[in-house]
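Chains as they are written, first to last, in full-length UniProt numbering: chain E, 1 to 247; chain Z, 1 to 479. Idealized CB from N, CA, C, for every residue including glycine. Below is one structure, written out as C-alpha cells; the observations come after it.
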Ligand SMILES: Nc1ncnc2c1ncn2[C@@H]1O[C@H](COP(=O)(O)OP(=O)(O)OP(=O)(O)O)[C@@H](O)[C@H]1O
Ligand SMILES: [Mg+2]
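Structure (C-alpha cells):
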C-alpha cells in the first residue's frame, strides 16, 4: 500500500454543549485506502465525518488533509472542500435543479470548467453511475437509489481526492442498495481514497482495507476486515457485531 | 467569498438607508414666493372640493385673493384638520387656513392673523323637535369634530349638562351619527352647519351661536412673520374694496353656492365625480406600486440579513422586524410625517412619508416571510452545496433562494394585496388617494352609502386585477 498519508486526524474532540461526542480521535488514512467506520447509533460517526470537511467545527485537535490544516483560520475552507467529496444519507440533491445541473453546478460556479466541458463531464459521470439517460430529468422523478447515484456523480464532478460517505444506503429500499454499492466498489477499485460510514457489513468485508469501530466517542478497535469480523477483541465490538450480523 | 455576499447585502442596506435619509432630509427647494398653506379637506363652506374636484370656499377664495393683492404665490394643500395643524407645527407647511378659531391655547404655539371671520358654535339635532335645548342632552351622546371649537365647547359644558362626547374626524361622519340616532345632537360652527343644512343635511339648528370666536389664519409661532403681515394687509385691502363682502356673500348669502347637481343615482355620482375618482385611483395605484417596490427591496434585504451567518446582522434583522411589525401603520405614518419633521425641522412630502411608512411596515412582514421561506429549505441543501466548496453566497443564490422563493410566492401575493389596502390608511396624512377622495366627495354631497359602495367596488376590481397578475407571474416562475 502507498504510504502517503492523505488524512491525519490528531486528538479530535467535539462537544455539543455538555455532550462530549468525540473524545480525542486519532486516525490516519493513506492514499487509495478505503476505511469503513462502524459503530452503534449515536456513537459519533456522522459527527466525525462532518468534522473532516468542517460542516462541524472541531472543539479541539487538528485535522490535516493533503497537508492543509483545516482548523487553521488561514486555510480557505472552500478550497479544501473542493477536494473532499461528501455523500449524504438523504442524498440532498438540489431540488430546484435537474440531474445534469446538479452535477454541473459546482464545476461551473467555481470556474473549474466551462459549461460545455462540464456537460461532457456530467455525461461521463452519469454514464459511470448508469444514469446518463436521466441527464435532463428532474430530481423528483428519480428513485432513492438513482438519486444517491446522482449524488455520487455530483460529488465526483469536482475531482475530489477523498470521498466521505455517511450511511449512503441507509435510506434506501433494499433492492436499490446493490446499485449504489456497486458504484462505490467501482470507485474503490479506481483507487479513490474513501471513508465510509455504513452498516453494510458485506461491503466492509469485500472492499475495506481497514475497518474502524467507533464507540463512546473513541476508536475502540481497528484492523483488516478479517481481524475485525472474525477475531474481534473488544467486547463492545463483539456485542455490536452480534447485533448487526444476526438480524 | 462569504464576505462578498455580506458586502452585497450591506451595500443594498446602505442604498435603502440613503433612500430613507434622502427622503427625510429632502427639503424641497423653497421658491421665494410660493407659500405652502394647509387646509382642511372637508369644512364647507370654508374649504371643500366642488363637483369639478377643485377646492373652493371662503378660506380658499380669501387666501387666493389676498395672495393676488399682495403679490405672493400660494399652494393650498387640503388634508385633515388635525394633520393641517400638525404640519404647520412641525414646519412641513408655512401656514394654515382652515376655519381655525383663535384661542388662548392655540396662541401658545401659533401666531394668528387679524380675525377674518366671526363664528360661533351652534347645536344641531334631528328636526323632529325631541332635542331642542342643551338641558335635554343629559345622559345622551353628543357628536363633535376633533379639534374644533364645537369640541371645545362640548368639553366645557358636558359635566354641567351631563352628556357624553363622541368625536369624529369628518363633519359628515358627525352629522351621520346624529341622523342615525347614535348621537342626540352635534356642536358645529354656525356657518358650517348652516351650509350643511342648505346642502340637504336633515338636521336643524336649535341654538343661537355661542362662544363667539374669531377665525384666523395661523403660522407657527415666531415663523413666517412676513406671510402673516401680508395676510393682514391683504385682508384690510379686501375689506375696503368690497372683495371680502363679495366672497362671503357668495358662500353664505341667500342664494349660496350649493351643489346643484341633482342626479344622485350611482351612475350620476360616478359621472359627476369621474375626475376625482380617477385621480384618487391613480394615486392609490401609484402609491401601491412604489410602496411594493421599496417594501420588497427592504424586506428581502432585512430577511437575508436574518439568515447570513453573522450574529450582528441576525440581531439587526430581528429588531427591525420586531419594531416595524409591532407599530400600527397609522402611528408609523404620523410619526414619520409629523413627528420626525417637528424634530428635524425639515419637511417630508406626504407621498414620500407614505412610501417610507409602507416600506417599513409591509417590508417588515416581507422580511419575516423571506426569512421563514429560506429557513424552510432543508438544511441538507445548504450542507450539500457547501460540501462541494460553494461559498455561502453562491450556495444561497443558486440553491437556497430559488427554493425559498417558491415557498414565499403566495405570501408575496398576499402582502401586495394588503399593501394596496393599507394605502387607504395614508389618507390620514393628507394623501388624496381613493379613500380620501371618497371622504371629500361625501363632504360635498353627503351620499355616504352610494359613494362608499363605489369606492369599495373600485378597490375590489383593483385587487382582482392584482391577484390575476400575481397568479400569472407565479405560473411563469414555476415553469
Ligand atoms: N448539531 C448537533 N447538535 C447537538 N448535538 C448533536 C448534533 N449533531 C449530533 N449531535 C449529537 O452527537 C451525538 C452523535 O451523533 P452522530 O449523528 O454523530 O451519531 P452517529 O454515530 O452518526 O449515529 P447514527 O448511526 O444514528 O447516524 C448524538 O448524541 C447526537 O445527539
Ligand atoms: Mg449518522
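Could you check the C-alpha separation between residue i and residue j for me, to the nearest Å?
i: residue 295 of chain Z; j: residue 363 of chain Z; result: 4 Å
i: residue 325 of chain Z; j: residue 293 of chain Z; result: 18 Å
i: residue 412 of chain Z; j: residue 476 of chain Z; result: 15 Å
i: residue 178 of chain Z; j: residue 226 of chain Z; result: 43 Å
i: residue 63 of chain E; j: residue 375 of chain Z; result: 30 Å
i: residue 19 of chain Z; j: residue 299 of chain Z; result: For residue 19 of chain Z, the pLDDT reaches just 47, beneath the cut-off of 50, and the residue's location in the model is therefore unreliable, although a value from the coordinates is still provided. If you take the alpha carbons of residue 19 of chain Z and residue 299 of chain Z, they lie about 14 Å apart.
i: residue 198 of chain Z; j: residue 366 of chain Z; result: 50 Å
i: residue 43 of chain Z; j: residue 429 of chain Z; result: 17 Å
i: residue 154 of chain E; j: residue 288 of chain Z; result: 45 Å
i: residue 332 of chain Z; j: residue 340 of chain Z; result: 11 Å
i: residue 100 of chain Z; j: residue 443 of chain Z; result: 18 Å
i: residue 190 of chain E; j: residue 107 of chain E; result: 21 Å
i: residue 194 of chain Z; j: residue 315 of chain Z; result: 59 Å
i: residue 238 of chain E; j: residue 105 of chain E; result: 44 Å
i: residue 88 of chain Z; j: residue 45 of chain Z; result: 22 Å
i: residue 338 of chain Z; j: residue 71 of chain Z; result: 30 Å
i: residue 457 of chain Z; j: residue 382 of chain Z; result: 47 Å
i: residue 175 of chain E; j: residue 149 of chain E; result: 14 Å
i: residue 143 of chain Z; j: residue 161 of chain Z; result: 14 Å
i: residue 97 of chain E; j: residue 318 of chain Z; result: 31 Å
i: residue 193 of chain E; j: residue 30 of chain E; result: 7 Å
i: residue 330 of chain Z; j: residue 454 of chain Z; result: 24 Å
i: residue 474 of chain Z; j: residue 414 of chain Z; result: 12 Å
i: residue 441 of chain Z; j: residue 308 of chain Z; result: 50 Å
i: residue 90 of chain Z; j: residue 345 of chain Z; result: 7 Å
i: residue 168 of chain E; j: residue 147 of chain E; result: 11 Å
i: residue 286 of chain Z; j: residue 76 of chain Z; result: 22 Å
i: residue 244 of chain E; j: residue 47 of chain E; result: 21 Å
i: residue 216 of chain E; j: residue 11 of chain E; result: 15 Å
Consult DSSP for residue i and reduce its assignment to one of helix, strand or coil.
i: residue 367 of chain Z; result: helix
i: residue 476 of chain Z; result: helix
i: residue 28 of chain E; result: strand
i: residue 23 of chain Z; result: For residue 23 of chain Z, the pLDDT reaches just 43, beneath the cut-off of 50, and the residue's location in the model is therefore unreliable, although a value from the coordinates is still provided. Looking at residue 23 of chain Z - three-state DSSP - the assignment turns out to be helix.
i: residue 211 of chain Z; result: strand
i: residue 222 of chain E; result: strand
i: residue 61 of chain E; result: strand
i: residue 12 of chain E; result: strand
i: residue 132 of chain Z; result: coil
i: residue 77 of chain E; result: helix
i: residue 254 of chain E; result: Residue 254 of chain E falls outside the range modelled here, since chain E spans only 1 to 247, and no answer is possible.
i: residue 423 of chain Z; result: helix
i: residue 124 of chain E; result: helix
i: residue 150 of chain E; result: helix
i: residue 210 of chain E; result: strand
i: residue 357 of chain Z; result: helix
i: residue 37 of chain E; result: strand
Which one or two residues does DSSP pair with residue i in a beta bridge?
i: residue 193 of chain E; result: E:162
i: residue 138 of chain E; result: E:98
i: residue 119 of chain Z; result: Z:213
i: residue 86 of chain E; result: E:164
i: residue 205 of chain Z; result: Z:124
i: residue 22 of chain E; result: E:14
i: residue 91 of chain E; result: Note: residue 91 of chain E sits in no beta bridge, so no partner.
i: residue 43 of chain Z; result: Z:47
i: residue 38 of chain Z; result: Z:77, Z:96
Can you pull the chain B neighbours of residue i, defined as C-beta to C-beta under 7 Å?
i: residue 387 of chain Z; result: As a matter of chain content, chain B is missing from the structure shown, whose protein chains are E and Z.
Closer than 8 Å is the cut-off here; do at least three beta carbon pairs connect the segment 116-132 of chain E with the segment 162-175 of chain E?
No contact exists between the segment 116-132 of chain E and the segment 162-175 of chain E.
Are the segment 69-85 of chain E and the segment 131-142 of chain E touching, with three or more C-beta to C-beta distances below 8 Å?
By the Cβ test, the segment 69-85 of chain E is not in contact with the segment 131-142 of chain E, since fewer than three Cβ pairs between them sit closer than 8 Å.
List, from N- to C-terminal side, the beta strand (DSSP E) runs of 3 residues or more that fit wholly inside the segment 213-279 of chain Z.
Taken in chain order, the unbroken stretches of beta strand (DSSP E) that lie wholly in the segment 213-279 of chain Z and span 3 residues or more are 218-220.
I'd like to know if the segment 124-140 of chain Z and the segment 198-212 of chain Z are in contact, where contact means that at least 3 CB-CB pairs between them fall below 8 Å.
The segment 124-140 of chain Z makes contact with the segment 198-212 of chain Z; the number of CB pairs closer than 8 Å reaches 3 or more.
For a minimum of 4 consecutive residues, which ranges assigned as the alpha helix (DSSP H) are wholly contained in the segment 50-116 of chain Z?
For the alpha helix (DSSP H) assignment, the uninterrupted runs of no fewer than 4 residues enclosed by the segment 50-116 of chain Z are, from N- to C-terminal side, 58-70, 81-89, 104-109.
Within the segment 137-203 of chain Z, ranges of the alpha helix (DSSP H) (whole runs, at least 4 residues)
DSSP runs (the alpha helix (DSSP H)) wholly in the segment 137-203 of chain Z: 149-161, 171-179, 190-198.
Tell me whether the segment 31-44 of chain E and the segment 195-204 of chain E touch, counting them as touching only if at least three CB pairs, one residue from each stretch, are closer than 8 Å.
Using a C-beta cut-off of 8 Å, the segment 31-44 of chain E makes contact with the segment 195-204 of chain E, since at least three inter-stretch Cβ pairs fall below that distance.
For the segment 290-348 of chain Z, list the alpha helix (DSSP H) runs that are entirely contained and at least 4 residues long, ordered along the chain.
Segments of the alpha helix (DSSP H) lying fully in the segment 290-348 of chain Z: 311-326, 329-334, 340-344.
Contact between the segment 390-408 of chain Z and the segment 240-255 of chain Z is defined here as three or more beta-carbon pairs at a separation below 8 Å; is this criterion met?
Too few Cβ pairs lie closer than 8 Å, so no.
Would you check if the segment 72-87 of chain E and the segment 381-395 of chain Z touch, i.e. whether three or more CB-CB distances between them fall below 8 Å?
Touching, yes, given that three or more Cβ pairs across the two stretches are closer than 8 Å.
Okay, do the segment 212-228 of chain Z and the segment 96-114 of chain Z touch, 3+ Cβ pairs below 8 Å being the bar?
A contact exists between the segment 212-228 of chain Z and the segment 96-114 of chain Z.
Under 8 Å: do the segment 221-240 of chain Z and the segment 117-129 of chain Z share three or more Cβ pairs, one atom per stretch?
Because the criterion of three Cβ pairs below 8 Å is not met, the segment 221-240 of chain Z and the segment 117-129 of chain Z do not touch.
Segment contact, 8 Å Cβ cut-off, at least three pairs: the segment 136-154 of chain Z with the segment 181-188 of chain Z:
With contact defined as three or more Cβ pairs closer than 8 Å, the segment 136-154 of chain Z and the segment 181-188 of chain Z are in contact.
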